[in-house]
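Enquirer: Structure provided below as structure tokens; questions to follow.
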Amino acid sequence: MKTTQQLLNELIDLGQSQHEISIATKVPQPTISRIIAGLNQTPFSRRHKEIFEYHQSIMQMENE
């Protein structure tokens, strides 16, 4: 299973901005920034579910 940081980095690599991810997931942008920077204490943020679901939807669109 990918960590929250890995999921976010993949979204960024696909051209998503932190702001776009924040709006889509309702996770505050500063939280997204901290996760990407590796400043969270655990590999799976408590916001992992929201980010994982958004990542899945983007990956599905990429594969169509």
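End of the sequence shown sits at 49 in the working numbering; the numbers just go up one at a time, nothing left out.
Here a beta-carbon is modelled for each residue, glycine too, at the ideal position from N, C-alpha and C.
1) Quick one: residues in its chain with C-beta nearer than 7 Å to the C-beta of residue -1, no 5 flanking neighbours on either side, listed in chain order?
2) Once you ignore the five residues that flank residue 11 on each side, which residues in its own chain have a CB closer than 7 Å to its CB?
3) Quick one: complete alpha helix (DSSP H) runs, 4+ long, within the region -7 to 42?
4) Our contact map puts residue -11 next to residue 18 with C-beta atoms below 8 Å; I'd like the distance itself, whole angstroms only.
Expert: On the basis of the coordinates in this document:
1) As a first step, residue -1 must be located in the sequence shown, where it is residue number 14. Answer for residue -1: 43 and 47, listed in chain order.
2) Taking the first residue of the sequence shown as position 1, residue 11 is located at position 26. Within the same chain, residue 11 has close Cβ partners 35.
3) Qualifying alpha helix (DSSP H) stretches, in chain order: 3 to 10 and 14 to 21.
4) On the sequence shown, residue -11 is found 4 positions in, with the first residue counted as 1. On the sequence shown, residue 18 is found 33 positions in, with the first residue counted as 1. Contact doesn't hold; Cβ gap of about 12 Å is too wide.
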